[in-house]
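Each residue of the sequence shown is one higher than the one before, counting from 1 in full-length UniProt numbering. Comments concern the structure below.
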Amino acid sequence: MAPYRNSVKILGDVLQITEEHGTGGVNLTSLLRKANLSYGRLAAVASKLVQAGLIQEQVLEGQRIYVITPQGKEYLHRYNQFAEMANSFGLNL
1 MAPYRNSVKI
11 LGDVLQITEE
21 HGTGGVNLTS
31 LLRKANLSYG
41 RLAAVASKLV
51 QAGLIQEQVL
61 EGQRIYVITP
71 QGKEYLHRYN
81 QFAEMANSFG
91 LNL
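Right, dumping it as structure tokens:
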């Protein structure tokens, strides 16, 4: 059984996936599969990230595409730094 992921970890995972797909973005289906989230949960997370300006949602050829913004990259960088520090103290996010 996979360990429980809190909201902060899920936000980090979604940002990481969108960053890995670069400027072309990631489509909704791929994001659902790679983030291992239900549609409803991912829709809520994506909405939060869009409202915060961390990702952009685009519609191309009828598909929703998510692209990380420069602010999203900065958040992800700081999140990863914090996660590394927490792990060095034996705390898992």
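A virtual CB, placed ideally from N, CA and C, is assigned to each residue, including glycine.
Exercise. Taking the C-alpha atoms as reference points, what is the distance between Q71 and A52?
Worked result: 9 angstroms
Exercise. Which partner residues of R64 appear in the DSSP bridge assignment?
Worked result: V59
Exercise. Going by alpha carbons, who is nearest to K9 out of A83, G90, F89 and H21?
Worked result: It is A83 whose Cα lies nearest to the Cα of K9.
Exercise. Can you name, in chain order, every residue of its own chain whose Cβ lies under 8 angstroms from the Cβ of I55, other than the five neighbours on each side?
Worked result: V14, L15, T18, A46, L49, Y66, V67, I68, T69 and G72
Exercise. Considering only residues of the same chain and omitting the five flanking positions on each side of N6, which have a CB-CB separation below 8 angstroms?
Worked result: Cβ within range, chain order: L93.
Exercise. For residue 127, does the three-state DSSP call read helix, strand or coil?
Worked result: Residue coverage of the chain in this structure runs from 1 to 93, which leaves residue 127 outside it and unanswerable.
Exercise. In angstroms, rounded to a whole number, what distance separates the CA positions of L91 and Y39?
Worked result: 29 angstroms
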